[in-house]
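Chemist: Numbering (numbering that gives the first Met the number 0), first residue to last: 0 to 223.
Beta carbons are placed, not taken as given, at the ideal position from N, Cα and C, and that holds for glycine.
Values in this document were obtained by computation on a predicted structure and should not be read as measured data.
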Amino acid sequence: MRLLIVEDNLDIQANIAEYLEGDHYTLDFAYTGDQGLELALNNQYDVIVLDLMLPGKDGLEVCAAYRRAAGLQAPIIMLTARDTIDDKEAGFDAGADDYLVKPFSLRELKARIEALARRPKARIQQSLSFAGLTLDPASCSVTFAAKTVVVMEKEAKILSMLLEAESNVVSGEDISYALWGDEPPESGALRTHIYNLRKSLAGIGAPDAVKTVRGRGYVLRAQP
Numbered sequence: 000m001r002l003l004i005v006e007d008n009l010d011i012q013a014n015i016a017e018y019l020e021g022d023h024y025t026l027d028f029a030y031t032g033d034q035g036l037e038l039a040l041n042n043q044y045d046v047i048v049l050d051l052m053l054p055g056k057d058g059l060e061v062c063a064a065y066r067r068a069a070g071l072q073a074p075i076i077m078l079t080a081r082d083t084i085d086d087k088e089a090g091f092d093a094g095a096d097d098y099l100v101k102p103f104s105l106r107e108l109k110a111r112i113e114a115l116a117r118r119p120k121a122r123i124q125q126s127l128s129f130a131g132l133t134l135d136p137a138s139c140s141v142t143f144a145a146k147t148v149v150v151m152e153k154e155a156k157i158l159s160m161l162l163e164a165e166s167n168v169v170s171g172e173d174i175s176y177a178l179w180g181d182e183p184p185e186s187g188a189l190r191t192h193i194y195n196l197r198k199s200l201a202g203i204g205a206p207d208a209v210k211t212v213r214g215r216g217y218v219l220r221a222q223p
């Protein structure tokens with residue numbers, strides 16, 4: 000069984016390694032959220048153990064990004080010292096399958112890993128299509144009129160929201176929250192991503208696909 004442990008506390012890493020290694024587990028470790036997400040998206044794991052508080056991307060961001068982009072979805076156990084219902088709800092909303100509060104028993108962690116590993120892995124929707132555009136979320140590739148371009152992760156997320164809304168307007172506030180949660184960057188960041196998305200779509204023959212609806216947000220329009 001191959002596990003990914005994303006945890007910045009080296010003592011906890013060592014304790015998990017000592018308890019699980021040598022059984023039937025192969026363990027990969029990540030110290031930061033960004034490193035953990037990269038490993039998760041580039042390898043196939045049976046279970047991911049994910050700390051909530053991490054350098055770089057936190058556990059919620061890593062979990063949500065993995066759920067959006069991974070083709071074959073491994074179950075995720077979230078580790079945290081936060082034990083309120085709101086905290087647990089946030090973890091489950093981000094895509095966690097289980098929640099273990101620190102300090103925890105290594106025996107209990109192992110039991111939960113074994114239980115989750117028995118579940119069949121889910122696959123995310125292979126593609127989203129509307130107005131002649133097709134997005135493959137796993138590869139962030141967009142196809143229009145037999146031409147394909149690969150966009151950045153955030154541009155892919157924006158396009159996926161517009162594709163899911165079809166001809167309905169998606170507000171800038173909703174897009175911003177999906178990308179950055181409660182801590183958006185400077186005010187021009189979303190406009191920059193919209194500009195980059197439009198530029199990419201123009202390159203495959205769909206320059207007018209993303210329309211701005213003044214005061215409301217953005218919407219996809221069918222191309223001639």
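Could you name each continuous beta strand (DSSP E) segment of 3 residues or more that falls completely within the region 119-192, going from the start of the chain to the end?
Modeler: 127-129, 132-135, 140-143, 146-149
Chemist: Smallest Cα separation from A73: which of Q34, Y44, E152?
Modeler: Checked all of Q34, Y44, E152; the closest Cα to A73 is Y44.
Chemist: Ignoring anything shorter than 3 residues, give me the beta strand (DSSP E) runs that lie fully in the region 6-79, in order along the chain.
Modeler: 25-29, 46-50, 75-79
Chemist: Check V202 in the structure and name its three-state DSSP category.
Modeler: The sequence given here has Gly at residue 202, not Val. DSSP places G202 in helix when its eight states are reduced to three.
Chemist: Taking A155 as the reference, give the member of Y176, K146, L196, G171 with the closest Cα.
Modeler: Distances from the alpha-carbon of A155 to those of Y176, K146, L196, G171 put L196 closest.
Chemist: Would you decide whether I230 is buried or exposed? Buried here means 16 or more other CB atoms lie within 10 Å of its CB.
Modeler: One cannot answer for residue 230 here, as it falls past the ends of the chain, which runs 0 to 223.
Chemist: Is the CB-CB distance between L2 and I75 below 9 Å?
Modeler: Not closer than 9 Å, so no.
Chemist: Can you say whether H23 is buried or exposed, counting buried as having 16 or more other CB atoms within 10 angstroms of its CB?
Modeler: exposed
Chemist: Sort K146, T79, K153, M52 by Cα distance to A64 and report the nearest one.
Modeler: Selected option, being the one with the closest Cα: K153.
Chemist: Going by DSSP, what residue range makes up the alpha helix (DSSP H) through D92?
Modeler: Counting along the chain, the alpha helix (DSSP H) containing D92 begins and ends at 84-93.
Chemist: Suppose contacts are defined by Cβ-Cβ distances below 9 Å. Is L127 in contact with L99 by that definition?
Modeler: Against a cut-off of 9 Å, the Cβ pair of L99 and L127 comes out as no contact.
Chemist: Just verifying my parser: in three-state terms, what is the DSSP assignment at R197?
Modeler: helix
Chemist: Among M0, I15, L200, D7, which residue has its Cα nearest to the Cα of F103?
Modeler: I15
Chemist: Provide the residue(s) that pair with G216 in DSSP beta bridges, ordered along the chain.
Modeler: V212
Chemist: Under the DSSP definition of a beta bridge, which residues are partnered with R1?
Modeler: R1 is bridged to T25.
Chemist: Would a C-beta distance cut-off of 9 Å place A201 and L132 closer than the cut-off?
Modeler: no
Chemist: Alpha carbon to alpha carbon, how far is P136 from S166? Give it in angstroms, no decimals.
Modeler: 20 Å
Chemist: Which residue wins for smallest C-alpha separation from I47, given the options V148, G21, D27?
Modeler: Ranked by Cα distance from I47, the options V148, G21, D27 are led by D27.
Chemist: Verify whether the separation of the beta carbon atoms of L219 and V209 is less than 9 Å.
Modeler: The criterion of a C-beta distance shorter than 9 Å is satisfied by L219 and V209.
Chemist: Since D97 is in the beta strand (DSSP E), which residue starts that stretch and which ends it?
Modeler: 97-100
Chemist: How long is the line joining the alpha carbons of I11 and Q34, rounded to whole angstroms?
Modeler: Roughly 17 Å between the two C-alpha positions.
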